[in-house]
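Residue numbers (this note's numbering): 62 to 1011. The structure appears below as structure tokens.
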């Protein structure tokens, strides 16, 4: 197929899909059903693409579809009429060849819905987007065909109402639809993905991405997660192309009308939601194995790169049995395919049995992939395969419960990777990567609850954010710790068994976990999922003879400072307390279910420290009294505090400083205590926070002073690590070396800069190729302190790179260049054909994060090129990411107004909340700068006058 996508002289392709429909119960959002259609089959026969990528989907057949309409819903909201559950049904989509003349696959088919009208009606409502219906008719069984006389498109709501001249009477019949669709370049719905063959030829694959609400862009359908169906899919494709779908191939035979194509028939899928349907046609190699449970596992790669699929194959083969054992529920399909897609907006998508990935989230080269890439692939594979149970087997009832899918998968991916790769110390990394990220967003006034009402499709895209993913994962981690692993697994098995092939809401999960543990799960967790934010626990201590009396109080933590409103929200907080006697185990566990509590710790000596939140598991921040904090600080220097607790303590203090609750200088003093720190993740979090502070101080005239501080903090660990791996080092040492050298190089550390330039020169000349783990820090360093020649060399390396990981590695650091002229060159490069559409965002974001001038230039570039950027990314999360990366580093009040005004005149509905959050962050940065800039400057000058001894 793909080799016919580049010229109008090539053949079109017809695909055929068969879809079986089933409905399960939905909450009674609407009442008064008017129509119920049973038995529906889609048959997508041919899409013909012309020169402007318009695709005509001439017809489709649908059979056994259950549908009911209600009058009140047709006038409000975007939800379809409510659905009933009369039973299972079979739908077919069949794509077969006709003419072969367009650049892309052609799919034609006549949709028919064998249906049963339960109550008389003259209207049928379906989801439909970027599709024009040509004709529609309804044929009652044994009666004459009734042609629809009107198609009322509600484009904003992505619906169409078919109107008939006479009433459709109760009984069975067939609905037929002819329509025209579009094979788009927007990385959603049914779209084309550009790739380059080993010979350098540009070709296209046809792929799908339907989550959240984009199946309706491929064919008119009932596109809601609670409307489940089975699918019988057949694809008629060129015989030299790979054709994949959710299920295994059960028949492949020559197509009678054309010797150049074959018909590929797939087994019927389980009952599932429309957003999980997938099919791919293109050129791919693969590697395969079988899991110990007998499931066929394949990883599909670009042609010639099968070796790069072996690591993901190994991970997947270990992961399936792990989840099967953990849930005590077998994987229900005979196969699982993992495939690398060239143009792909998200990291990956969990389509049941056919999981699609960005190349960088699936492919690993033994020589050219860095340690962080291997870890990323392991996590993403673990995440998507968890969805095969949690999301696919049991699906959220509505997008309000999206977090059930994403939060759970974002938690258990770490559990899985910890099982497969215990040397990664992955749970410590969770705190830096997910927990603190979620808290940073959730402290804003413009955050949102985990469970958020969703109406319009643009609102669905908005909640694919750090709240649904990272906060969801964090509160499940807290819940798992509160319940205990044994009862948690028991409850999960109850949940998956009870709701398999059905839909569920958050309350259903709580009920099962409560039944397994006997604990008040719903009461506790409702305080975490139904209200936004999280608490700040203030604690002070008093020694009473041999005991320690702790006085605890909770208030909502706000990024803007102490909570001042009335009726402060309250949480039921599982709290663990440890002491220096046994830092790795909780001395006491309590459930804080009131605003204030007193707790007595028995047998705690006066010289022992006491710490809340062992393991940084509870989703709250802690503010200690001065005396308690003072007693904890030696535990940082002598490492008696566990790594994850050292990280949590530092991160809490940094966030308190950002909020103006304590002084930033106080945090800088604590950071200096980490001089002996050996742990990668602790350093990673320190680096991130110092990066935030550096960005803030780039708005001052003492930016170089904070860089001197960075060099002082990171130099000792840099000298200990050196440039080259030592015998006995492992994964985390490689990550730490790359982090530290990059930080020192960016800050202008003289010895690091000189060595980076030397190694870069040898690398470019082919004398000594840089190891993959050193490329990012070296590239960053030489670009930050380089000239136009350096940038030209980097762009040449980008063009020569055969692996997408290397291209992305270069793209992310191009923004480090400082010259205004070169910054403009990088921004122009971002929109060139050399950069894949999904990666343009990273290039522009890198410019905005690279320097003060880069931030201004990136913002101007976005405004100047807004129409092109919005057309490319509208309606997806990439537009939100682009805005966030580009503007939230500003720290001047007037910039918040400028950003707000621009988007008022250039609306981006799917990014509305992100824009509000960015404006809030700009105002918070400005307040932080006004509040602490002078004291930070004085502290840095004092350090320079009398450097601290370490």
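Cβ coordinates follow ideal geometry from the N, Cα and C atoms, glycine included. Small disclaimer: the values here were computed from a predicted structure and weren't measured.
Residue 338 versus residue 307 - alpha carbon distance: Cα-Cα distance, rounded: 7 angstroms.
From 557, 669 and 569, residue whose alpha carbon lies closest to that of residue 602: Checking every option, the nearest Cα to that of residue 602 belongs to 669.
Cα-Cα separation between residue 292 and residue 588, rounded to whole angstroms: The alpha-carbon atoms of residue 292 and residue 588 are separated by roughly 39 angstroms.
Residue 233, DSSP secondary structure in three states: Residue 233 falls in the strand class under three-state DSSP.
Residue 515, DSSP secondary structure in three states: Note: residue 515 maps to coil in three-state DSSP.
Own chain residues within Cβ distance below 6 angstroms of residue 951, not counting five before or after: If we look at residue 951 and ignore the five residues flanking it on each side, its Cβ neighbours are 983.
Entirely enclosed alpha helix (DSSP H) segments - the region 608-668, minimum 4 residues: Taking 4 residues as the minimum length, the region 608-668 contains no alpha helix (DSSP H) run wholly inside it.
Residue 362 versus 352, 348, 353 and 375, residue with shortest Cα-Cα distance: Ranking 352, 348, 353 and 375 by CA distance to the CA of residue 362 puts 348 first.
Residue-level contact to chain C via CB, residue 239, 8 angstroms cutoff: In the displayed structure, chain C is absent; only one protein chain is listed.
The region 240-256 / the region 421-441 touching (three or more Cβ pairs under 8 angstroms): Contact between the region 240-256 and the region 421-441 is absent, because fewer than three Cβ pairs lie under 8 angstroms.
Extent of the continuous alpha helix (DSSP H) run through residue 877: Judged by DSSP secondary structure, residue 877 falls outside any alpha helix (DSSP H); it is assigned neither H nor E.
Distance between residue 935 and residue 523 (C-alpha atoms, nearest Å): So the two alpha carbons sit approximately 12 angstroms from each other.
Contained alpha helix (DSSP H) runs [length at least 4] in the region 281-323, N- to C-terminal order: DSSP runs (the alpha helix (DSSP H)) wholly in the region 281-323: none.
Alpha-carbon spacing of residue 540 relative to residue 663, whole angstroms: Roughly 26 angstroms separates the two Cα atoms.
Residues bridged to residue 359 [DSSP beta-bridge criterion]: Residue pairing by DSSP puts residue 359 in a beta bridge opposite 349 and 398.
Proximity to residue 343 [Cα-Cα], best of 309, 369 and 300: Answer by Cα proximity: 300.
Nearest residue (CA-CA) to residue 637, options 622, 597 and 653: Among 622, 597 and 653, the Cα nearest to that of residue 637 is on 653.
Residue nearest to residue 714 in terms of C-alpha spacing, selected from 703, 732 and 319: It is 732.
For residue 521 and residue 705, believed in contact at Cβ under 8 angstroms, the rounded distance: Wrong, their Cβ atoms sit about 34 angstroms apart, outside the cutoff.
Burial state of residue 957, where buried means 16 or more other Cβ atoms lie within 10 Å: Residue 957 is classed as buried because its beta carbon has at least 16 other beta carbons within 10 Å across all chains shown.
Terminal residues of the alpha helix (DSSP H) in which residue 741 lies: Residue 741 -> alpha helix (DSSP H) spans 741-758.
Cα-Cα separation, residue 586 to residue 393: In a straight line, the C-alpha of residue 586 is about 30 angstroms away from that of residue 393.
Contact the region 453-461 vs the region 397-410: 3+ CB pairs below 8 angstroms: With a cut-off of 8 angstroms, the region 397-410 and the region 453-461 do not count as touching, because too few Cβ pairs lie within range.
Candidates 484, 948, 283 and 397, of which the one nearest residue 330 by Cα: Cα-wise, what sits closest to residue 330 is 397.
Under the three-state DSSP convention, the category residue 597 falls into: Strand at residue 597.
Beta bridge counterpart(s) of residue 333 as assigned by DSSP: As computed with DSSP, residue 333 is found in a beta bridge with 290.
Paired residues, beta bridge with residue 451 - DSSP: According to DSSP, which records beta bridges pairwise, residue 451 is partnered with 455.
CA-to-CA distance, residue 351 to residue 555, given in whole angstroms: A direct Cα-Cα distance of roughly 28 angstroms separates residue 555 from residue 351.
Assigned exposure category for residue 138 - 16 Cβ within 10 Å defines buried: Note on residue 138: pLDDT 34, under 50, position unreliable in the model; the coordinate value appears next. When all chains shown are included, residue 138 counts as exposed.
DSSP bridge partner residues for residue 913 (one or two, in chain order): Among the bridge pairs identified by DSSP, residue 913 is matched with none.
Beta-carbon proximity check, residue 944 vs residue 979, cutoff 8 angstroms: In this structure, residue 944 lies near residue 979, with their beta-carbon atoms less than 8 angstroms apart.
Contacting residues, own chain, Cβ-Cβ under 7 angstroms from residue 490 (five flanking each side not counted): So the list reads 742, once near-sequence residues are dropped.
8 angstroms Cβ shell around residue 998 - same chain, five flanking residues per side excluded: The residues are 761, 763 and 766.
Reduced DSSP category for residue 845 - H, G, I as helix; E, B as strand; rest coil: In the structure shown, the three-state DSSP call for residue 845 is helix.
Nearest-angstrom beta carbon gap, residue 843 and residue 818 [assumed within contact, 8 angstroms]: The beta-carbon separation of residue 818 and residue 843, rounded to 6 angstroms, stays under the 8 angstroms limit for a contact.
Coil, strand or helix - residue 90 by DSSP: Because the pLDDT at residue 90 is just 27, under 50, the model does not fix this residue reliably, and the value given afterwards should be weighed accordingly. Coil at residue 90, not helix or strand.
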